[in-house]
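For what it's worth, the numbering used here labels the leading residue of the sequence shown as 5, then goes sequentially.
From the three backbone atoms N, C-alpha and C, an ideal C-beta is built for every residue, glycine too.
Please read the structure below before turning to the comments.
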Amino acid sequence: MGSVLAGVLQLLALIGALALVHAPAGAYMAKVYSSRRHLRVERWTYRAIGADPDTEMRWPAYLRAVLAFSLAGVLFLYLLQRLQGVLPGSLGFSSVNPAQSFNTAVSFVTNTNWQSYYGEQTMGHVVQTAGLAVQNFVSAAVGMAVAVALVRGFARSRSGELGNFWADLVRGTLRVLVPAAVLGALVLVACGAVQNFSGIHEVGQFMGGTQQWNGGAIASQEAIKELGTNGGGYFNANSAHPFENPTPFTNLFEIFLILVIPFSLTRTFGLMVGSVRQGYAILTTMATIWLGFTALMMAAEFSHHGPALQAAGGAMEGKEVRFGVGGSALFAVSTTLTSTGAVDSFHSSFTGLGGGVAMLGMMLGEIAPGGTGSGLYGMLIMAVIAVFLAGLMVGRTPEYLGKKIGAREMKLAACYILVTPALVLVFTAASLALPTPPHSMLNPGAHGFSEVLYAFTSAANNNGSAFAGLNANTDWFNTTTGLAMLLGRFLPMVFVLALAGSLAAQRPVPESAGTLRTEKPLFAGLLVGAILIITGLTYFPALALGPLAEGLA
5 MGSVLAGVLQ LLALIGALAL VHAPAGAYMA KVYSSRRHLR VERWTYRAIG
55 ADPDTEMRWP AYLRAVLAFS LAGVLFLYLL QRLQGVLPGS LGFSSVNPAQ
105 SFNTAVSFVT NTNWQSYYGE QTMGHVVQTA GLAVQNFVSA AVGMAVAVAL
155 VRGFARSRSG ELGNFWADLV RGTLRVLVPA AVLGALVLVA CGAVQNFSGI
205 HEVGQFMGGT QQWNGGAIAS QEAIKELGTN GGGYFNANSA HPFENPTPFT
255 NLFEIFLILV IPFSLTRTFG LMVGSVRQGY AILTTMATIW LGFTALMMAA
305 EFSHHGPALQ AAGGAMEGKE VRFGVGGSAL FAVSTTLTST GAVDSFHSSF
355 TGLGGGVAML GMMLGEIAPG GTGSGLYGML IMAVIAVFLA GLMVGRTPEY
405 LGKKIGAREM KLAACYILVT PALVLVFTAA SLALPTPPHS MLNPGAHGFS
455 EVLYAFTSAA NNNGSAFAGL NANTDWFNTT TGLAMLLGRF LPMVFVLALA
505 GSLAAQRPVP ESAGTLRTEK PLFAGLLVGA ILIITGLTYF PALALGPLAE
555 GLA
């Protein structure tokens, strides 16, 4: 079987699996977030944290709860790393230094999972399981809670109430993420992924010496890292490591885990607003962009320019032979169009245009289908902007799902789409203008520029993947990427929740003959165009200096 055909067949199998679970998974999540019933374990949790799950919150209270919970997570994970040297199960590793502890704590709490360290040489079992793995669950649940709050803003009227954050957080964790992660971990263990708490072993011979490997609860962390679009792995090689991702089947299964919740949440959205067709319009938009980027990536990576690429059957540098070009390209697109950041190949070794496709996927805002929760609310913000643009063209007051999009709503949406580009471009410019940060670049010229641009694009968009040539474990990059992750996660949430509160307080506007039909393919096409144009106008100069210059050289 040819490598191109193998890649296409993997893509078709993935689409079929996602299509099978889309409706039941989306309906289940809609039921979870709409239910008034509390499970016994949930009631115990509410008592333990002192929360009343039946108290409705307006957007300021919901936001305060999100920020307070996330701040507590940052502090706990920071202290856990600083105390690692005296904790049991540390595998002999010392405490993590302050700059890296700050960066890692922020990274996992913001659902970014950017790692400027070698996991197998830095973190012991306690930090991995009690710290990083826990944040993999709850950071994903926070994103889903904010998305559901925005959906309620569209669904409710004249109340301004968005639900209860603590109830949404606990339900998303215990009813959605934990059961799905258990099933995912069982599949990975059955297929050869490692799951234990062993110490460090010396194995084999390597250039005249032995290699050291440590085990861990790898399969369970792998399942939630993909399912929650987190991305941080036990090993520096991430999902290219055979302990995390042993076979071509597990590779495809992990891509499925990355995409299943973000795509299924469109069904949840449709059910909660009372129009499944609205959910299909958002799904169509996400799927169109995802398929288009997959085609572009495969075309770039299967291009056989030069005898080395012809002999290898594609651009095989930095890719695992067991996955091939097709599986690696599919993984790269899925991980950068979501906020996952896991990698089964090194994006820095992709072709110039292939690396640009991965970077552009993050620059879109990771909305096709995006992260767990963050993809849905990001796409709904873009839908609001598309409706506003359509209203300008026909001279009508824009409406979306029966809610008027006025000056306040547009200001909030505009602030949302400006935050991330500002962080990316300002931090990139500062890193290249100052004398010391460029020393971290392995490569000169366009590729070196791409390394820095990719790092801040990944951090500000809460992705976590990297061009491997950049040494990010410096005080400058640990601090600046940490700030980019914090601001890139929580500033957009401020605008999303404020918009949700504004929409929930409105009186619904009845449909008329002039109402834009946002469930139609025409609107999906308008939405795709608005996303690509806004991103292109924002980032084209930076892309021209990096991946485009390299790809056209």
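Sub-9 Å separation of residue 144 and residue 231 beta-carbons: Taking the first residue of the sequence shown as position 1, residue 144 is located at position 140. Taking the first residue of the sequence shown as position 1, residue 231 is located at position 227. Result yes, Cβ atoms of residue 144 and residue 231 sit closer than 9 Å.
At least three beta-carbon pairs within less than 8 Å, the region 495-508 to the region 148-157: The answer is yes - the region 148-157 touches the region 495-508, with three or more Cβ pairs under 8 Å.
Among 406, 553, 483 and 496, the one whose alpha carbon lies nearest that of residue 522: For the purposes of this step, residue 522 is taken as the residue at position 518 of the sequence shown. Closest by alpha carbon: 406.
Straight-line Cα distance separating residue 517 from residue 115: As a working mapping, residue 115 is identified with position 111 in the sequence shown. As a working mapping, residue 517 is identified with position 513 in the sequence shown. Pairing residue 115 with residue 517, the inter-Cα distance amounts to about 43 Å.
Contiguous alpha helix (DSSP H) assignments of at least 4 residues, all confined to the region 387-455: If we require 4 residues or more, the alpha helix (DSSP H) runs fully inside the region 387-455 come out as 411-437.
Ordered list of alpha helix (DSSP H) runs contained in the region 317-376, each at least 4 residues: Taking only runs of at least 4 residues, the alpha helix (DSSP H) segments lying wholly in the region 317-376 are 328-340 and 356-367.
Range of the contiguous alpha helix (DSSP H) that encloses residue 508: In the sequence shown, residue 508 corresponds to position 504, counting from 1. That run of the alpha helix (DSSP H) goes 479-508.
Residue 140, DSSP secondary structure in three states: Indexing the sequence shown from 1 puts residue 140 at position 136. Residue 140 sits in a helix when the DSSP states are folded into three classes.
Reduced DSSP secondary structure (H/G/I, E/B, other) of residue 474: As a working mapping, residue 474 is identified with position 470 in the sequence shown. In this structure, DSSP gives residue 474 an extended state, which the three-state scheme calls strand.
Member of 442, 128 and 431 whose CA lies at the smallest distance from the CA of residue 222: Stepping through the sequence shown from its first residue, residue 222 is reached at position 218. It is 128 whose Cα lies nearest to the Cα of residue 222.
Residue span of the alpha helix (DSSP H) that contains residue 172, given as start and end: Here the question's residue 172 lines up with position 168 in the sequence shown. In this chain, the alpha helix (DSSP H) harbouring residue 172 covers 169-175.
Touch test, the region 532-543 against the region 169-188, Cβ-Cβ under 8 Å, three pairs minimum: Contact between the region 532-543 and the region 169-188 is absent, because fewer than three Cβ pairs lie under 8 Å.
Helix, strand or coil at residue 217 [DSSP, three-state]: Along the sequence shown, read from residue 1 onward, the residue named residue 217 stands at position 213. DSSP places residue 217 in the strand class (E or B) of the three-state scheme.
Buried/exposed call for residue 283, threshold 16 Cβ in 10 Å: Indexing the sequence shown from 1 puts residue 283 at position 279. Buried, since its Cβ has 16 or more Cβ neighbours within 10 Å.
Validate contact between the region 94-112 and the region 123-142 using beta carbons, cut 8 Å, 3 pairs: Enough Cβ pairs lie closer than 8 Å, so yes.
Nonlocal neighbours in the same chain, by C-beta distance under 7 Å from residue 287, ignoring five residues either side: If you number the sequence shown from 1, residue 287 lands on position 283. The answer, listed in chain order, is 267 and 270.
Residue closest to residue 414, alpha-carbon to alpha-carbon, out of 435, 70 and 392: As a working note, residue 414 is residue 410 in the sequence shown. Residue 414 has its Cα closest to that of 392, out of 435, 70 and 392.
Alpha-carbon to alpha-carbon, residue 84 and residue 134: Here residue 134 refers to the residue found at position 130 of the sequence shown. Here residue 84 refers to the residue found at position 80 of the sequence shown. It is roughly 9 Å from the alpha-carbon of residue 134 to the alpha-carbon of residue 84.
Contact check, residue 79 vs residue 109, beta carbons under 9 Å: Counting from one through the sequence shown, the residue named residue 79 turns up at place 75. Counting from one through the sequence shown, the residue named residue 109 turns up at place 105. Closer than 9 Å, so yes.
Cβ neighbour criterion (16 or more within 10 Å) applied to residue 122: Mapped onto the sequence shown, residue 122 falls at position 118. With fewer than 16 other Cβ atoms inside 10 Å of its own Cβ, residue 122 counts as exposed.
Local conformation of residue 226 per DSSP, three classes: Along the sequence shown, one-based indexing puts residue 226 at 222. If DSSP states are grouped into helix, strand and coil, residue 226 belongs with the helices.
Rounded straight-line distance, which links the Cα of residue 32 to that of residue 360: As a first step, residue 360 must be located in the sequence shown, where it is residue number 356. As a first step, residue 32 must be located in the sequence shown, where it is residue number 28. C-alpha separation (whole angstroms): 37 Å.
Where residue 459 falls, given that 16 or more other Cβ within 10 Å makes a residue buried: By one-based count along the sequence shown, residue 459 stands at place 455. It counts as buried.
Three-way DSSP call (helix, strand, coil) for residue 523 in this model: Translated into the one-based positions of the sequence shown, residue 523 becomes position 519. The three-state secondary structure of residue 523, taken from DSSP, is coil.
Cβ neighbour criterion (16 or more within 10 Å) applied to residue 172: Here the question's residue 172 lines up with position 168 in the sequence shown. Residue 172 is classed as buried because its beta carbon has at least 16 other beta carbons within 10 Å across all chains shown.
Cβ distance (whole Å) where residue 358 is taken to contact residue 319 below 8 Å: In the sequence shown, counting from the first residue as 1, residue 358 sits at position 354. In the sequence shown, counting from the first residue as 1, residue 319 sits at position 315. Contact holds; Cβ gap of about 7 Å.
Where the alpha helix (DSSP H) through residue 255 begins and ends: As a working note, residue 255 is residue 251 in the sequence shown. From DSSP, the alpha helix (DSSP H) with residue 255 extends over 252-276.
Helix, strand or coil at residue 124 according to DSSP, with G and I counted as helix: The residue given as residue 124 occupies position 120 in the sequence shown. Here DSSP, grouped into helix, strand and coil, assigns residue 124 to helix.
Coarse secondary structure for residue 40, derived from DSSP in three states: Along the sequence shown, read from residue 1 onward, the residue named residue 40 stands at position 36. Note: residue 40 maps to coil in three-state DSSP.
Where residue 48 falls, given that 16 or more other Cβ within 10 Å makes a residue buried: For the purposes of this step, residue 48 is taken as residue 44 along the sequence shown, with counting starting at 1. With fewer than 16 Cβ atoms within 10 Å of its Cβ, residue 48 is classed as exposed.
Inter-residue spacing [alpha-carbon to alpha-carbon] between residue 495 and residue 70: Stepping through the sequence shown from its first residue, residue 495 is reached at position 491. Stepping through the sequence shown from its first residue, residue 70 is reached at position 66. Residue 495 and residue 70: Cα-Cα distance of roughly 12 Å.
Neighbour flag for residue 533 against chain C, beta carbons, 9 Å: Reference to chain C is not applicable here, since this structure consists of a single protein chain.
Residue 234 vs residue 219 beta-carbon contact at 9 Å: By one-based count along the sequence shown, residue 234 stands at place 230. By one-based count along the sequence shown, residue 219 stands at place 215. In this structure, residue 219 does not lie closer than 9 Å to residue 234 by Cβ.
Identity of the residue in 337, 302, 349 and 196 nearest residue 330 by Cα: Here residue 330 is taken as the residue at index 326 of the sequence shown, counted from 1. Of the candidates 337, 302, 349 and 196, the one whose C-alpha sits nearest the C-alpha of residue 330 is 302.
Secondary structure of residue 165, DSSP reduced to three states: Position 161 of the sequence shown, counted from the first residue, corresponds to residue 165. Secondary structure at residue 165: strand, using DSSP grouped into helix, strand and coil.
Identity of the residue in 16, 421 and 107 nearest residue 541 by Cα: Here residue 541 refers to the residue found at position 537 when the sequence shown is read from its first residue. Measuring from the Cα of residue 541, the nearest candidate turns out to be 421.
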